[in-house]
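According to this note's numbering, the sequence shown holds residues 487 to 902 in order.
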Amino acid sequence: MTGAFLLVLQALIYLATMAAVFHSRHRFGIGIFFCVLGVMHFLETYLAAIFFVQLPFGLISPGSTVMFSGKLMMFLLLYIKEDAETVRQPIYGLLIGNCLMVALASILRLYGDVAELPGYRPDLTFLDDMGVLMIWGTALLFLDSIALILIYEKLGQRIANTLFKRIFLSAALVLSFDQLLFFFGLHLVSGVPISALYGGWIAKMAAAALYSAMLVVYLRFIETRPALPGPEPLLKVFDRLTFRHRYEDLLEKTGKDMLTGTSDRGQFETVAQSLIDRALTDRKPISLLMIDIDHFKSINDQYGHVAGDKVLKDVARSLAGSLRSGDRLFRYGGEEFVAVCQDLNAGDATVLAERLRVAVEATDLAEPGLRTTVSIGVTTADSGPISVEQMIRDADTWLYTAKRLGRNRVESAIVD
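This is the structure we're talking about:
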């Protein structure tokens, strides 16, 4: 099984190198990653058309099995860590470049007197065939990438309960579709036998499993920054693929509370369930803190609503400054705030809530002579599924316990 071993070796080298280049984007920019993808595209198509290895289950091409499958997985990684609009850029570049190559090759046929060198003869027919395959392959890549993102998001909501399963099932479905359609074009152009269809499919399923495992390792241990807020509904993902700037502008205008500058309740209702599902899918805990300003009505009654607005802004600033960088703070309504804290267990969430309480109590408010405190209820989910409504109810229960016991305190399921 020397051929199979070499294919695995190629796959390991390919994804490890591409992942390292992708990781370097924070230092050198994303352009270097796109350039490497573009350079590999011709070799990938060339090998997919003419270079095959005979294995017991059929003909295998490293161009299709190793390089194309790996490229598709890198586009999924690009989506997970960046966004759908970024995924479109290299695909459009490849498609335009391939069309330009075909156009320029067609112009070469107009030369009537081409100089011939000893031992060399220009093969424009081969160039034509490669051009057709590269355009066909890039068009499929565009469809594959859209399908991969949509399936990845859909599986995240309904079926796959681990990151590996989610990535593998997405890749396996899309690669099966791609193998069938690319073989159709390849067979018409090159006459490749049917054994390349089923042999390539088996090899691509193995590649999907190997690449999925490597991506999980990369996401778990190398690049652990929070990714997109998803999973997202299918229509919203497709909207991000085509009209992302308009989508982001709308979120920016409608997702902020104008008084405090925090995210508003509408934004909370949009993303909270997705944040919970993502954390539990990744088998990480997530905590929700319900925060209420104590005796806020009396502040409005005694000092007026202008003073009350200043208190809200000061408290929001104090809370935001005491949360971790990845935590999300929302104004839930009136004098209530909600903090959603990913990867934070019940004990650590209670400690964080106490830090918030102390920070607010120590805050010098803009309104002279005023001091205020907050009461906080904490709930944590470490297994699911669980709805955001249930977590709000649980946090509310602990919040009212804190108020009943005297306010300016934190209450949770953790027993002192």
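Note that CB positions come from ideal geometry on N, CA and C, so glycine has one too.
M776 sits close to L885, with the two beta carbons spaced by under 8 Å. Shown here, K651 sits in a helix according to DSSP, grouped into three states.
Following the DSSP letters along the chain, one finds F823 inside the beta strand (DSSP E) bounded by residues 822 to 828. The C-beta distance from L745 to D795 rounds to 6 Å, short enough to fall under 8 Å. DSSP, read as helix, strand or coil, puts K567 in helix.
Distance check between M504 and each of L523, A806, A693 places L523 closest, using alpha-carbon atoms only.
As for any alpha helix (DSSP H) of minimum length 4 sitting wholly inside the stretch 565 to 615, the runs are 570 to 594, ordered along the chain. Excluding sequence positions up to five before and after A765, its CB lies within less than 6 Å of the CB of I772, Q828, all in the same chain and listed in chain order. Counted as a single uninterrupted DSSP element, the stretch harbouring G549 is not any alpha helix (DSSP H), since DSSP gives it neither H nor E. Distance between V826 and F628, taken at the CA atoms: about 35 Å.
Sorting L545, F543, K567 by C-alpha distance to the C-alpha of S510 places K567 at the top.
In terms of Cα proximity to I577, the closest of F520, M691, Q540, S676 is F520. Across the structure, Y697 and Y818 are spaced so that their CA atoms are roughly 42 Å apart. The C-alpha of V824 is placed about 20 Å away from the C-alpha of K770.
For M877, DSSP records no beta bridge to any residue. About 17 Å separates the beta carbon of L493 from that of I536, a gap too long to meet the 8 Å contact definition. When Cβ pairs closer than 8 Å are counted between the two stretches, the stretch 871 to 883 is seen not to touch the stretch 843 to 856, the count staying below three.
In the displayed model, G671 falls within a helix according to three-state DSSP. The stretch 868 to 878 makes no contact with the stretch 804 to 813, as fewer than three CB pairs between them are under 8 Å. Within the stretch 742 to 809, the complete alpha helix (DSSP H) segments at least 4 residues long are 751 to 767, 782 to 789, 791 to 808, listed from N- to C-terminus. From the listed residues R652, K651, S681, the smallest Cα separation to Q665 is found for S681. By the Cβ-count criterion, H527 is buried, with 16 or more other Cβ atoms from all chains shown falling within 10 Å of its own Cβ. Non-local beta-carbon contacts of V874 in its own chain, meaning distances under 7 Å to residues more than five positions away in sequence, involve A758, Q759, I762 in chain order. Around I637, the same chain offers L655, S656, L659, V660 as residues with beta carbons nearer than 8 Å, after the five sequence neighbours per side are excluded.
In this structure, F816 places its C-beta atom within 8 Å of the C-beta atom of Q753. V702 is positioned such that its CB atom lies closer than 8 Å to that of L649. For A867, the secondary structure class from DSSP, reduced to helix, strand or coil, is strand. Of the residues V507, V525, V552, I900, the one whose Cα lies closest to the Cα of A694 is V552. Under the 10 Å beta carbon count, A835 is surrounded by 16 or more other beta carbons and is classified as buried. Under the 10 Å beta carbon count, I582 is surrounded by fewer than 16 other beta carbons and is classified as exposed. DSSP places V678 outside any alpha helix (DSSP H), giving it a letter other than H or E. Taking all protein chains shown into account, A506 has fewer than 16 neighbouring C-beta atoms within 10 Å of its C-beta and is therefore exposed. If you draw a straight line from the Cα of I621 to the Cα of S676, it comes to about 15 Å.
Proximity to Y684 across G549, F543, L672, Y704 peaks at F543, based on C-alpha coordinates.
Rounded to the nearest whole angstrom, the C-alpha separation of L613 and T624 is 16 Å. G517 counts as exposed, since fewer than 16 other C-beta atoms from the protein chains shown sit within 10 angstroms of its C-beta.
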